[in-house]
Amino acid sequence: MKSDIDWKPLLLAPVLALIALPLTGSLSSWLTLTVAGLAMGMIIFVIASGLTLVFGLMDVLNFGHGVFIALGAFVASSVLGLMSDWTGSQELWRNLVAVFPAMLVAMLVAGALGLVFERLIVRPVYGQHLKQILITMGGMIIGEELIKVIWGPGQLPLPLPEALRGSLFVADAAISKYRLLAVAVGLAVFGLLAWTLSRTKIGLLIRAGVQDREMVEALGYRIGLLFIGIFVAGSALAGLGGTMWGLFQQNLIPQMGAQVNVLIFIVIIIGGLGSTTGALIGALLVGLMNNYVGFLLPTAAPFATIALMVAVLLWRPQGVYPVANR
Amino acid sequence: MSENLLTLHGVHTHIGAYHILHGVDLAVPKGQLTMLLGRNGAGKTTTLRTIMGLWHASQGRVTFGGTDITALSTPQIADLGIAYVPENMGIFSDLTVKENMLLAARAARRAADMDDKRLAWIFKLFPAVEKFWNHPAGKLSGGQKQMLAVSRAIVEPRQLLIIDEPSKGLAPAIINNMIDAFAELKASGVTILLVEQNLNFAQRLGDTVAVMDNGQVVHAGSMAAFSQDAELQQRLLGLAL
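The listed protein sequences derive, respectively, from chains Z and V. Following my numbering, the numbering of the first sequence begins with 198 at its first residue and continues without gaps. Following my numbering, the numbering of the second sequence begins with 2 at its first residue and continues without gaps.
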């Protein structure tokens, strides 16, 4: 029997980084852009990881995922605002004491909204893709309007805590401190997801359900409960990712979820429906591509990710690691 | 005469606008192996899926051990002790053989929690399951997948096994292995309902037979009598055993 692991997709991000090395002109620029790309990729992965499972397991086209991103970011901004003594401190640990509860509250609120969203909006349209697209987009519009009611329609600044501002210098390359934190949080989320999916029975059920929901039910499992759990977890992860994205951009607008949505869908399509490892690869590729092309040819940056998706689909029409059988 | 474990009375099933089953009457005697035969499109798979609650009967009644299961959900029906192996085998190809088995052993949280004696019995029936224990199920051959699918169905004690075309696409040597395994399963007292197209397979294993045509059971009786009646076989199936 041949090797069980398909290695080729794992090489895509390193190959892209190596191709960019001679083009960026200097090692320091390349290192700065690479860390920035990895950080952006990790944030996108955190948001996309939940949505890919919702797609893969539930066969639900949730175009309203962006509302959880925006809500998470706005909730986190309020929590951080209440903890300004902590975020204003020069000490890193005091900053983290503010950032981590903000992330946690954002996840809880986004997860709670996810539960309501699934019960009220998604549940009536299971199995009806066109209605799913329309109603979830409608849900996102309502969510954005509610954000405007609570936090106002304008742009809201979300400054980084003091100790997370600025950069570290490694071999003349400026490495943003916050981006290092984003990479660390992204890796932690990936590790937790990978452990849950590969080492626990609930993970086994999720992986099986993504492939063949009907057979999971025939084995005696109530997949409806699993659906709700996945939707809530996916919404909570979007809330966490929204917080990270907000701190990455350092300002928030109510429509930010819809803007990020485009990148998320590209990542999921590149990764293959239902695959968290695929989503990680897709997110890193999108993050790196955005930063390299944004530096080398800024006007082409918006098209670069689309071109990347097309190239991957020409190579693997189902994405790099397709899991769902649909 | 043994009592019936599963009965269908006047079952009709619609799939969308299509009326597939037109009043199926079927009895599966306890402890016996019942063969469900019929030409392609006769409604055999739909009958199995209706029993499992994967498609619900629009009319009629399905009872299992005296309990009306017509309106129950698929997990509720599985909880009553019915295992189902679909025509496509329902193998989770990205999971290993061990993970497929662990998923079917619902009470076990880890592989170590699975019943060792039962696993040893399954490994004896289907050595390939033990041999490829840590391999991805998607890499198995067709025959090995079928063995895994049946192993998964029996990893917990079940009252009724429902299996859709277990010999489909398998080499003759593998089919003989499957026949031996089903004979041993039958000897263990499990009731089995098998859909088959392979008449030799059906004749060697079946105690009772039901033949479907156009969404109805058009003949039911003992397999021994059916095997002797070439004219009946020709009329119902278009060929003789």
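Ideal Cβ positions, reconstructed from N, Cα and C, are used throughout, including at glycine.
In the DSSP secondary-structure assignment, V212(V) is bridged to L38(V) and H220(V). Excluding the 5 residues flanking it on each side, T14(V) has same chain C-beta neighbours closer than 7 Å at I21, L22, T47, T51, W56, A58 and S59, in chain order.
Apart from sequence neighbours up to five positions away, the residues of its chain that approach G190(V) with a beta-carbon distance below 8 Å are G32, ordered along the chain. The residue from A214(Z), P211(Z) and T221(Z) with its alpha-carbon nearest to that of L494(Z) is T221(Z). Contact between the region 440 to 449 of chain Z and the region 459 to 467 of chain Z is not established, with fewer than three Cβ pairs separated by less than 8 Å. Around the beta carbon of R316(Z), fewer than 16 other beta carbons lie within 10 angstroms, which makes this residue exposed. R404(Z) has a beta carbon lying within less than 8 Å of a beta carbon in chain V.
Contact with chain Z is absent for S168(V), since none of that chain's Cβ atoms lies less than 8 Å from the residue's Cβ.
Cβ proximity to chain Z below 7 Å picks out E100, L103, L104, A105, R107 and R110 from the region 100 to 117 of chain V.
According to DSSP, L27(V) shares a beta bridge with L9(V). Excluding five sequence positions before and after F127(V), the CB atoms of its chain that fall closer than 6 Å to its own CB belong to M148 and S152, given in chain order. At a cut-off of 8 Å between C-beta atoms, M53(V) counts as an interface residue with respect to chain Z. Rounded to whole angstroms, the gap between the alpha carbons of G263(Z) and G308(Z) is 13 Å. Beyond the five residues adjoining it in sequence on each side, T64(V) comes within less than 6 Å, by CB distance, of T8 in the same chain, given in chain order.
Contact fails between the region 406 to 422 of chain Z and the region 222 to 240 of chain Z, because fewer than three Cβ pairs, one in each stretch, are under 8 Å apart. In this chain, the beta strand (DSSP E) harbouring G61(V) covers A58 to F65. Contact between the region 395 to 410 of chain Z and the region 291 to 304 of chain Z is absent: fewer than 3 CB-CB pairs across the two stretches fall below 8 Å. Between the region 253 to 269 of chain Z and the region 321 to 329 of chain Z there are three or more inter-stretch CB-CB distances shorter than 8 Å, so the stretches are counted as touching.
When only Cα atoms are considered, M102(V) and S94(V) end up about 12 Å apart.
Residue V413(Z) holds the alpha-carbon nearest to the alpha-carbon of A106(V) among I425(Z), I339(Z) and V413(Z).
Assignment of V302(Z) by DSSP, reduced to helix, strand and coil, places it in the helix class.
A straight-line Cα-Cα distance of about 15 Å links L213(Z) and V507(Z).
In the structure shown, L162(V) adopts extended strand secondary structure according to DSSP, grouped into three states. Counting only Cβ-Cβ distances below 8 Å, G91(V) has contacts in chain Z at D409, E411, M412 and A415, in chain order. Here P356(Z) carries a coil assignment [DSSP, helix/strand/coil].
In the displayed model, P211(Z) falls within a helix according to three-state DSSP. Here S168(V) has I176, M179, E197, N199 and F202 as same chain residues with Cβ atoms under 7 Å from its own Cβ, once five neighbours each way along the sequence are excluded. A distance below 6 Å between beta-carbons, with the five flanking residues on each side excluded, links T35(V) to the following residues of its chain, in chain order: V29, L194 and T209. DSSP, read as helix, strand or coil, puts T14(V) in strand.
Setting aside the 5 residues that flank it on each side, E342(Z) has no residue in the same chain whose C-beta is closer than 7 Å to its C-beta. Rounded to the nearest whole angstrom, the C-alpha separation of N41(V) and Q234(V) is 15 Å. A check of alpha carbon separations from G234(Z) across G351(Z), G363(Z), R362(Z) and L477(Z) identifies L477(Z) as the nearest. Taken atom to atom, the span from the alpha-carbon of G67(V) to that of V156(V) is near 25 Å.
Contacts with chain V at 8 Å (Cβ-Cβ) do not include Y323(Z). Per the DSSP secondary-structure output, S364(Z) pairs in a beta bridge with S373(Z). Bounds of any alpha helix (DSSP H) do not take in I193(V); it lies within the beta strand (DSSP E) bounded by T192 to V196.
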